[in-house]
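A quick write-up on the structure given underneath.
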Amino acid sequence: SSMMDSEDLVITSSKQDIAHHLVKVNSGKHYFCGYCAAFTNIAITFPIQKVLFRQQLYGVRLREAVWQLQRDGIRNLYRGLLPPLMQKTTTLALMFGLYEDFSSLLQRHTNAPELVTCSVAAVLAGTSEALLTPFERVQTLLQDYKHHDRFTNTYQAFKVLKDYGIKEYYRGLVPILIRNGPSNVLFFGLRGPIKQCLPEATSYSAHLVNDFICGGLLGAMLGFLFFPINVVKARMQSQIGGEFQSFPKVFMKIWLERDRKLTHLFRGAHLNYHRSIISWGIINATYEFLLKLL
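Residue numbers (full-length UniProt numbering): 1 to 294.
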């Protein structure tokens, strides 16, 4: 009897080890798929992002923003690519991977409803992503033509900020935190229901199209919803040194500069809408495709 108990213990232990290994492998898969999805997206949509950034920062019209990029020349078109490439690939790897990890962890150790655990997991993943703010910070500086003469590459920008202390790397952290948590909750919470509303996919290509539409619609909606927050973030992060102004103070300053008109605050939002459809369509479709493939 003791021998049988010992065998059962060994079998149970082996099963637990295998299950633990499968969970780790499955978790790693989500990080990898998120990383590849971000890489594909950035490589395709970076020039559109640059036009959008100019509109957010200076409130200029589309034609003026495009003219600025033409004036900068083709040599500067992909200037500032490295920070978003490093930041976005890591951010989306964390976004998808940590969401899955936190969801599994909370579901195993709490009795809360799935909606609550998934929402908390999404907020935790978004908050963790904010650790990568320095990359977003440097990207802002490199994309701003006012700093073209001061910085020639990513390394130089990081080096200059070092003289101002670690706090300078995290300028604009508050709007990033305000944006990340809620946007993650909405993205992961609505992704399933939106896909269920689409025509049923019966082939690989149909699934790919549905995932693109689902990701694109969500990305466009969230991009528009949080657009003013990103406008404030761009303004805060374009500054080097000096006072760290609060989110409400910077918002009011921009609001007054733009004649207290909501339409002026949302300049660039239409381009962001179209960019988000493409970007998040690519991200969601690539992520789901690789997840099925692996």
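Even for Gly, the Cβ is constructed at its ideal location relative to N, Cα and C.
Sorted by chain position, which residues of the same chain lie with C-beta nearer than 6 Å to E168's C-beta, five sequence neighbours on each side aside?
-> L161
Use the C-beta contact count for H21: other C-beta atoms within 10 angstroms, 16 or more gives buried, fewer gives exposed.
-> Only weak support exists for where H21 lies, its pLDDT of 45 falling under 50; the value from the coordinates is given anyway. Its Cβ having fewer than 16 others within 10 Å, H21 is exposed.
Backbone secondary structure at H30 - three-state DSSP | helix
Exposed or buried, what is P199 when buried is set at 16 or more other beta-carbons lying within 10 Å of its beta-carbon?
-> exposed
Could you round the C-beta distance between Q237 and G172 to whole angstroms and report it? I think they count as a contact, below 8 Å.
-> 4 Å
Between L256 and V250, what straight-line distance do the alpha-carbon atoms span, to the nearest angstrom?
-> 10 Å
Contact under 8 Å by Cβ, A122 with F188 | yes
Reduced DSSP category for S246 - H, G, I as helix; E, B as strand; rest coil | coil
Out of G59, T286, A130, F224, state which residue places its alpha-carbon closest to the alpha-carbon of D259.
-> G59
Out of curiosity, what's the CA-to-CA distance linking A269 and G223?
-> 8 Å
Answer with buried or exposed for Y35, where buried requires no fewer than 16 other C-beta atoms within 10 angstroms of its C-beta.
-> buried
Evaluate contact between the stretch 125-132 and the stretch 209-219, counting only Cβ atoms and requiring at least three cross-stretch pairs below 8 Å.
-> no
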